[in-house]
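Enquirer: In our numbering, the protein residues as written are 4 to 971.
Here a beta-carbon is modelled for each residue, glycine too, at the ideal position from N, C-alpha and C.
Before we start, here is the structure in question, set down as structure tokens.
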Ligand SMILES: *Cc1c(COP(=O)(O)O)cnc(C)c1O
């Protein structure tokens, strides 16, 4: 018997490839799947699906893949090029201690970060409770009636406040007044957003002592910062009163920590309050991801942008959370939506809410009091050395006139490893925070102390009174709900966090087969770097010399994404897909304007488009014209041609999704692009479906001018329960000059301003996509795409006799997702796609995408990451459910009393003394035997959506609501 040769080192190293960890399907699986589809090889399958005309000419040029360990080492070396200084820059970003229990059990926990947006309420109760805590926290601290469940950043939240004001007030003016002592990046983003909407932004000059708002003339809204960016705590009450006399809205960008000590804007009649929750436990992250907030008075609620969690009841009458007032949102209201927001900042919002739960009102107040006390001591010491701060009132920030001494002080600060706020003429700024120590105060004094003068002594000044104005002190209670007053010990907090995540289905439990959302693996090695201090503890406005590692990360990732997409230039600034769309359309608009074609204002969008497309087009002032789809789900080329001809002179852009939202590779896409170009328009290819293209076809090569990518879909950033995301905007050569700039951070552009508060948007999650590309390489990324297509076709083929796939190419194939047509079942059994979605919960699955883009269907996208066993488990569940539907069709079960209509089944509903249904309790809970070994129990029954919108309630439920219903 011969002894087999030992493998070579090369063979051993190949076996270590990350590829095999990321892709759930191996060669043996493929050999079982291909015959089901009727293909010989994966290559043959792909050749039969991706039109030859759009196939990539050359493979992507990416560095050869590294193992997990080697990629982490390479990234660590890049991270080490960032210099972590202690930052006192402030300006919307502050040091904070992320409590360890929240860091490990929320931010770094896949049960939280791999969850999807809570559209399926029954499997999302945990994260919706956390978001309801977030909303309650914001309402309580701001004193406002209603708050949404997170905005993308403070600057975009302020811009949304502006448009919310515009929609809500009586004034017909087009002028929005902004106090000059708002954060500069806020003013910059407001200017970007205002211009295409025809809103005139007037920024007041700021004197050193007063908020000088130009309150003369007409205006529809005002924005002021509280406390101001300079540190002043202004009494804004007279201005709020004046705004109301002018029928205008008064908007305030407020610091939540300061509001524990200061009279909240809601108590002095503000209409809209916005800001960031960053300093509630989210590290600086070079600017993001952080959850911003937006709160408003009750009368404005139906106009509020963004996601909103509300309380309703389930079929058993128990309180149940679900997304409220969805008819305001882009996915329903399209170009008439209140905003284009889809992915928001759920994970950072959960962190912020947990921070408030853990510290409670007393803990938050103590943190704020300590910051205010240290600030007063710092100010007093500076005054002693002849540097009385410019702002007589302060919470955490001081502005100090430094004149000609400025360069010398900055030099000393750099030598001491300290960042002060620069870019203020003749002044320096200092902001303190939760992490500031006595030693820090002494370090700061030492920077300013004139030669030969004695340093102030901390102990002498320790009793200095805070510089908060007496008449603006807060007297009202906040965070009185028990949830903010119960979980003080770490044990209690740990269990609270666990109890919420246990209610939810995330990727750590089962596949989430969501069409159009690409819920693939978020590998642990990809996630680990995001909390490295070299990435997490960096201020976005730190000097460029400290951001060298981030600059390299940015440059490399952009280069790789350019390879993947075939585009010439990319900006990573947009912090969601919707924001990428906005930036891309803005580039198109600006291009036309620069060419003297500013009258081009028509944007053609096929009816199947994602709701963000028309909503974004509206935001850049484009007029949306909807074009038809044909019976195969393709863009109706004749209709598009007619529309192009009709609007030829005014055509700005056509927005398509490729492969189409119907999950098909349209063969005429090149022709479509040429047609649009002939009419002087530009082609926007929505790249959210890049998981079907990477390595196979590139939109920048086949005719697209602009695309956005969703790094939180195709490039492995987890969904976080609804964010954070990154929506890079990618453009061809002649549009590169129109990518977003960031004047506040010194990033130039030809006229297109900032679209996000921070120059690199959600910078701290970029390492995830970097790691993915670095570990996969060109071959791995292409294999991922091909496997995603293979798996979708496998599901479509195996389910074809049970649920026909609605749209396919002529040879019967789909792209990376398939739409299962359930509409005929409604007539034969009364069962709807929603019933099937809810019944899947009993089988332990998150539902596929429900009723998008076609009502009454389920869209399934398996991704390359799911193992064959999981695909089969899903398919078996779907087939078993079809069997249940058949029993309804055959009359065994009534149409209104069967396991589908009562799904999902809670333990409580099955174990009651009464059971009056024509099927067994066992079938309700365990329709497949394997479920007895591992069962996900939904915490609530089916949610009543209508009840929730009729009885809108969007903050924490009083504890007795549960007791009452339990008695009932
Ligand atoms: C997800 C998606 C978007 C929106 O992206 P967000 O990051 O959620 O804003 C846009 N278009 C398509 C086709 C999508 O699937």
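Quick check: is any heavy atom of ligand 1 less than 7 Å from the C-beta of residue 852?
Expert: Within the chain shown, residue 852 is the residue found at index 849, counting from 1. No - ligand 1 has no heavy atom lying nearer than 7 Å to the Cβ of residue 852.
Enquirer: CB of residue 716 to nearest heavy atom of ligand 1: below 7 Å?
Expert: Position 713 of the chain shown, counted from the start, is the residue given in the question as residue 716. Because some heavy atom of ligand 1 lies under 7 Å away, the Cβ of residue 716 counts as near it: yes.
Enquirer: As a quick exercise: from 942, 155, 602, pick the residue whose alpha carbon is nearest that of residue 290.
Expert: Against the chain shown, residue 290 aligns to sequence position 287. For the residues 942, 155, 602, the minimum Cα distance to residue 290 belongs to 155.
Enquirer: Taking DSSP as the reference, what is the three-state secondary structure of residue 970?
Expert: Start at 1 with the first residue of the chain shown, and residue 970 comes out as number 967. Note that residue 970 has pLDDT 43, beneath the 50 cutoff, so the model's placement of it is unreliable and the number below is only indicative. In the structure shown, residue 970 sits in a helix (DSSP, three-state: H, G or I).
Enquirer: Can you tell which of 492, 466, 327, 632 has the C-alpha that lies nearest to the C-alpha of residue 366?
Expert: The residue you call residue 366 lines up with position 363 of the chain shown. Closest by alpha carbon: 492.
Enquirer: Is residue 519 a contact residue of ligand 1, with contact defined as CB to any heavy atom under 7 Å?
Expert: On the chain shown, position 516 is the one that residue 519 refers to. It does: the Cβ of residue 519 is within 7 Å (strictly closer) of some heavy atom of ligand 1.
Enquirer: Could you check if residue 35 is buried or exposed, using at least 16 other CB atoms within 10 Å of its CB as the buried criterion?
Expert: Here residue 35 refers to the residue found at position 32 of the chain shown. Under this definition residue 35 is an exposed residue.
Enquirer: In chain order, what residues of the same chain have a beta carbon less than 8 Å from the beta carbon of residue 471, not counting five sequence neighbours either side?
Expert: On the chain shown, residue 471 is found 468 positions in, with the first residue counted as 1. Excluding sequence neighbours, residue 471 sits near 236, 264, 265, 375, 396, 397, 398.
Enquirer: What residue range does the beta strand (DSSP E) around residue 1011 cover?
Expert: Here the chain has residues from 4 to 971 only, and residue 1011 is not among them.
Enquirer: So what's residue 89 in DSSP terms, helix, strand or just coil?
Expert: Start at 1 with the first residue of the chain shown, and residue 89 comes out as number 86. Of the three classes helix, strand and coil, the one that applies to residue 89 here is strand, per DSSP.
Enquirer: Residue 694: beta carbon under 7 Å from a heavy atom of ligand 1?
Expert: Walking along the chain shown from the start, residue 694 turns up at place 691. Because no heavy atom of ligand 1 lies under 7 Å away, the Cβ of residue 694 does not count as near it: no.
Enquirer: What is the rounded straight-line gap between the Cα of residue 137 and the Cα of residue 277?
Expert: Here residue 137 refers to the residue found at position 134 of the chain shown. Here residue 277 refers to the residue found at position 274 of the chain shown. Spanning the two alpha carbons is a distance of roughly 13 Å.
Enquirer: Is residue 205 helix, strand or coil by DSSP?
Expert: As a working note, residue 205 is residue 202 in the chain shown. DSSP places residue 205 in strand when its eight states are reduced to three.
Enquirer: Return the CA-CA distance between residue 199 and residue 629, expressed in angstroms with no decimal places.
Expert: Mapped onto the chain shown, residue 199 falls at position 196. Mapped onto the chain shown, residue 629 falls at position 626. Whole-angstrom Cα-Cα distance: 21 Å.
Enquirer: Report all residues from its chain with a CB closer than 7 Å to the CB of residue 390; omit the five preceding and five following residues, and keep chain order.
Expert: Position 387 of the chain shown, counted from the first residue, corresponds to residue 390. 403, 451.
Enquirer: Could you check the C-alpha separation between residue 829 and residue 850 for me, to the nearest Å?
Expert: On the chain shown, position 826 is the one that residue 829 refers to. On the chain shown, position 847 is the one that residue 850 refers to. Looking at the two C-alpha atoms, the distance is approximately 18 Å.
Enquirer: Assign residue 703 to one of three DSSP states: helix, strand, or coil.
Expert: Along the chain shown, read from residue 1 onward, the residue named residue 703 stands at position 700. Three-state result, residue 703: helix.
Enquirer: Does the segment 886 to 900 touch the segment 827 to 843, meaning 3 or more C-beta pairs lie closer than 8 Å?
Expert: They touch, by the three-pair rule.
Enquirer: Do residue 584 and residue 619 have their C-beta atoms closer together than 8 Å?
Expert: Walking along the chain shown from the start, residue 584 turns up at place 581. Walking along the chain shown from the start, residue 619 turns up at place 616. Their beta carbons are under 8 Å apart, which means residue 584 touches residue 619 by this criterion.
Enquirer: Is residue 633 near ligand 1, in the sense that its beta carbon is under 7 Å from a heavy atom of that ligand?
Expert: Position 630 of the chain shown holds residue 633. Answer for residue 633: no, Cβ out of range of ligand 1.
Enquirer: For residue 110 and chain D, any beta-carbon pair shorter than 8 Å?
Expert: The structure shown contains no chain D; it is built from a single protein chain.
Enquirer: As an exercise, report each continuous beta strand (DSSP E) stretch of at least 3 residues that is fully enclosed by the segment 144 to 207, in chain order.
Expert: Fully enclosed beta strand (DSSP E) runs of 3 or longer: 178 to 181, 203 to 206.
Enquirer: Check residue 212 in the structure and name its three-state DSSP category.
Expert: For this step, residue 212 is matched to residue 209 along the chain shown. In this prediction, residue 212 scores a pLDDT of 47, lower than 50, which makes its location untrustworthy; the coordinate-derived value is nonetheless stated afterwards. Residue state, collapsed to three classes: coil.
Enquirer: Let's see if you can read the secondary structure: which residues bound the beta strand (DSSP E) around residue 658?
Expert: By one-based count along the chain shown, residue 658 stands at place 655. 654 to 660 is the extent of the beta strand (DSSP E) around residue 658.
Enquirer: Sorted by chain position, which residues of the same chain lie with C-beta nearer than 6 Å to residue 267's C-beta, five sequence neighbours on each side aside?
Expert: Your numbering for residue 267 matches position 264 in the chain shown. Same-chain partners within the cutoff: 145, 146.
Enquirer: Let me know the secondary structure DSSP gives residue 102 once reduced to three states.
Expert: Along the chain shown, one-based indexing puts residue 102 at 99. Three-state DSSP puts residue 102 in coil, outside helix and strand.
Enquirer: Could I get the ranges of all uninterrupted beta strand (DSSP E) runs contained in the segment 367 to 411, with 3 residues as the minimum, in chain order?
Expert: Within the segment 367 to 411, the complete beta strand (DSSP E) runs of at least 3 residues are 400 to 404.
Enquirer: So which of 524, 779, 320, 444 has the shortest CA-CA distance to residue 964?
Expert: Here residue 964 refers to the residue found at position 961 of the chain shown. With distances taken between Cα atoms, residue 964 lies closest to 320.
Enquirer: Is residue 224 helix, strand or coil when you go by DSSP?
Expert: Start at 1 with the first residue of the chain shown, and residue 224 comes out as number 221. If DSSP states are grouped into helix, strand and coil, residue 224 belongs with the strands.
Enquirer: Which same chain residues end up closer than 6 Å to residue 334 when comparing Cβ atoms and leaving out the 5 residues on each side of it in sequence?
Expert: Along the chain shown, one-based indexing puts residue 334 at 331. Within the same chain, residue 334 has close Cβ partners 614.
Enquirer: Just how far apart, CA to CA, sit residue 739 and residue 823?
Expert: The sequence position of residue 739 within the chain shown is 736, counting from 1. The sequence position of residue 823 within the chain shown is 820, counting from 1. Going from the Cα of residue 739 to the Cα of residue 823 covers about 40 Å.
Enquirer: Can you name the start and end residues of the beta strand (DSSP E) that residue 860 belongs to?
Expert: In the chain shown, residue 860 corresponds to position 857, counting from 1. Run containing residue 860: 860 to 863, per the beta strand (DSSP E) assignment.
Enquirer: In or out: residue 811 buried (at least 16 other Cβ within 10 Å) or exposed?
Expert: Counted from its first residue, the chain shown places residue 811 at position 808. Per the 10 Å Cβ criterion, buried.
Enquirer: Could you pull out every residue in the same chain whose Cβ sits closer than 6 Å to the Cβ of residue 776, ignoring the five residues on either side in sequence?
Expert: For the purposes of this step, residue 776 is taken as the residue at position 773 of the chain shown. If we look at residue 776 and ignore the five residues flanking it on each side, its Cβ neighbours are 563.
Enquirer: Please report how far the alpha carbon of residue 89 lies from the alpha carbon of residue 549, in whole angstroms.
Expert: Residue 89 sits at position 86 when you count from the first residue of the chain shown. Residue 549 sits at position 546 when you count from the first residue of the chain shown. If you take the alpha carbons of residue 89 and residue 549, they lie about 11 Å apart.
Enquirer: To the nearest angstrom, report how far apart residue 513 and residue 903 are at their CA atoms.
Expert: Translated into the one-based positions of the chain shown, residue 513 becomes position 510. Translated into the one-based positions of the chain shown, residue 903 becomes position 900. Answer to the nearest angstrom: the Cα atoms are 20 Å apart.
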